[in-house]
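Working notes for the structure below.
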Amino acid sequence: MKQLLTAFIVTTFLLCSTQGWSQPPCKGKNRYNKCLERIEQATSSLPVCQGHYTATTWTDCFGVYTHAGDKYFGEWKHGKHHGQGTYVSADGSVKEGVWNNGKFLYSTNPNTPPFGDYSMGEKAYKQGDYNTALREWKLLAMKRYAPAQLALGNLYAKGQGVSQNYKTAAQWFTKAAKRGHAPAQTKLGDMYFEGQGVPADDKQAFKWYKNASGHGYAPAQSKQGTMYEQGRGVPQNNKMAVRWYKLAAKKGHAPAQRNLGLMYATGRGILRDLIVAHMWLNIAASQFNHMDAMNERDNLEKKMTSSQIQQAQDRARLCIAKNYKDC
Numbered sequence: 016m017k018q019l020l021t022a023f024i025v026t027t028f029l030l031c032s033t034q035g036w037s038q039p040p041c042k043g044k045n046r047y048n049k050c051l052e053r054i055e056q057a058t059s060s061l062p063v064c065q066g067h068y069t070a071t072t073w074t075d076c077f078g079v080y081t082h083a084g085d086k087y088f089g090e091w092k093h094g095k096h097h098g099q100g101t102y103v104s105a106d107g108s109v110k111e112g113v114w115n116n117g118k119f120l121y122s123t124n125p126n127t128p129p130f131g132d133y134s135m136g137e138k139a140y141k142q143g144d145y146n147t148a149l150r151e152w153k154l155l156a157m158k159r160y161a162p163a164q165l166a167l168g169n170l171y172a173k174g175q176g177v178s179q180n181y182k183t184a185a186q187w188f189t190k191a192a193k194r195g196h197a198p199a200q201t202k203l204g205d206m207y208f209e210g211q212g213v214p215a216d217d218k219q220a221f222k223w224y225k226n227a228s229g230h231g232y233a234p235a236q237s238k239q240g241t242m243y244e245q246g247r248g249v250p251q252n253n254k255m256a257v258r259w260y261k262l263a264a265k266k267g268h269a270p271a272q273r274n275l276g277l278m279y280a281t282g283r284g285i286l287r288d289l290i291v292a293h294m295w296l297n298i299a300a301s302q303f304n305h306m307d308a309m310n311e312r313d314n315l316e317k318k319m320t321s322s323q324i325q326q327a328q329d330r331a332r333l334c335i336a337k338n339y340k341d342c
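Numbering (my numbering), first residue to last: 16 to 342.
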């Protein structure tokens, strides 16, 4: 029994140090105790499995089993994974959720759909069937699946399948944003920026844009640039605006490409360069027929020679071919 308990403690410590547990690793001197508490919460108060693994002895209990580099820690019934448990394969892949008679049923990890059908909701939404989209996404959102929480918030913001309600939309965006979902963080930033569903607050808007930018999310990086350009939530700083516009532009984000082109055209935050300005405006205009960028590019051409325009067009083609890198 002493050897079994020792093995259980060691395995628990190791598992809590990997990605096999959805929550962040324990920190500090209470690392092991906190991890053990998490496991106890997942066990539904089942006792620890006794003795060596067998199909007859490991039933209605919680145990940790390792074989050929694979690890399973969770509930057992008649020697099979049954109930709440996490399976960590030798290749690092993880299945965390509910099992039945050895088969994985659904995930309880907030980054994986636990039940419901997200893709069915997407398909219904594209077909204008907002009621079906609402039903599928709400099931997932209630289980803390961040993409569904974002999608549900968008339905409330647009009044699709439900009465338009910015406050409810902001609540769903907040739930997903707090789970580290970059698109939701950006939407929440938009709500604070516009004062929709929440009091207008530039500092809060910048905070959420900054969080999403930390994930490398281009739309948030572009909006962070706008905050610097306009001096909203932060001191006005054109150089910082250019920096964030560049990061987003190089990821193919058309609004950032347009804004970067305008900064080059006016020499704000960077040396004025009409050729580079035309290049970025032209690239932005080529994406989704961006009308503002088209008009601004055409107006810029009135200040350029035919040779400069040709150089800009050549550079735009090369930039696109290089996937916006080293432009």
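Where a beta carbon is used, it is the ideal one built from N, C-alpha and C, also for glycine. Please read these numbers as outputs of a predicted model, since none were measured by experiment.
Is there at least one non-hydrogen atom of the ligand ZN closer than 7 Å to the beta-carbon of residue i?
i	result
A336	Among the components modelled here there is no ligand, and therefore nothing to report on the ligand ZN.
Please report the distance separating the alpha-carbon of residue i from that of residue j.
i	j	result
I298	E244	21 Å
F188	Q325	45 Å
G240	Y160	29 Å
W152	A166	7 Å
Q302	N252	28 Å
A156	K173	17 Å
F88	V109	11 Å
Q323	I290	6 Å
T147	W223	30 Å
A192	E209	17 Å
L333	G267	14 Å
N180	L170	9 Å
V257	I285	7 Å
Q65	G94	12 Å
A280	L315	8 Å
Y260	A269	10 Å
P162	A184	13 Å
S178	P234	27 Å
Y113	K92	Sequence inspection shows Val at residue 113; the Tyr mentioned does not correspond to that position. Roughly 13 Å between the two C-alpha positions.
N310	A220	29 Å
A300	L277	13 Å
L154	G195	20 Å
Provide the residue span of the beta strand (DSSP E) that contains residue i, from first to last.
i	result
F77	C76 to H82
N314	Segment M306 to E316 is the alpha helix (DSSP H) holding N314; no beta strand (DSSP E) there.
H96	K95 to V103
G89	D85 to K92
Please classify residue i as buried or exposed, where buried requires at least 16 neighbouring CB atoms within 10 angstroms.
i	result
A57	For A57, the pLDDT reaches just 46, beneath the cut-off of 50, and the residue's location in the model is therefore unreliable, although a value from the coordinates is still provided. Label assigned to A57: buried.
S237	buried
K254	exposed
A197	buried
V63	exposed
G100	buried
D205	buried
K225	buried
H293	buried
T201	buried
K337	exposed
A327	buried
Where do the ends of the alpha helix (DSSP H) carrying residue i lie?
i	result
K182	Y181 to A192
N297	L289 to S301
W152	Y145 to M157
A197	A197 to E209
Y232	Element bounds for Y232: n/a, residue is neither H nor E.
G136	Y133 to K141
P214	Careful: P214 lies outside any alpha helix (DSSP H) and carries neither H nor E.
Y171	A161 to K173
So what's residue i in DSSP terms, helix, strand or just coil?
i	result
K340	coil
K110	strand
K266	coil
K261	helix
N252	coil
N115	strand
Does the region 211-219 come into contact with the region 228-236, if we say contact requires no fewer than three beta-carbon pairs (one atom in each stretch) closer than 8 Å? no
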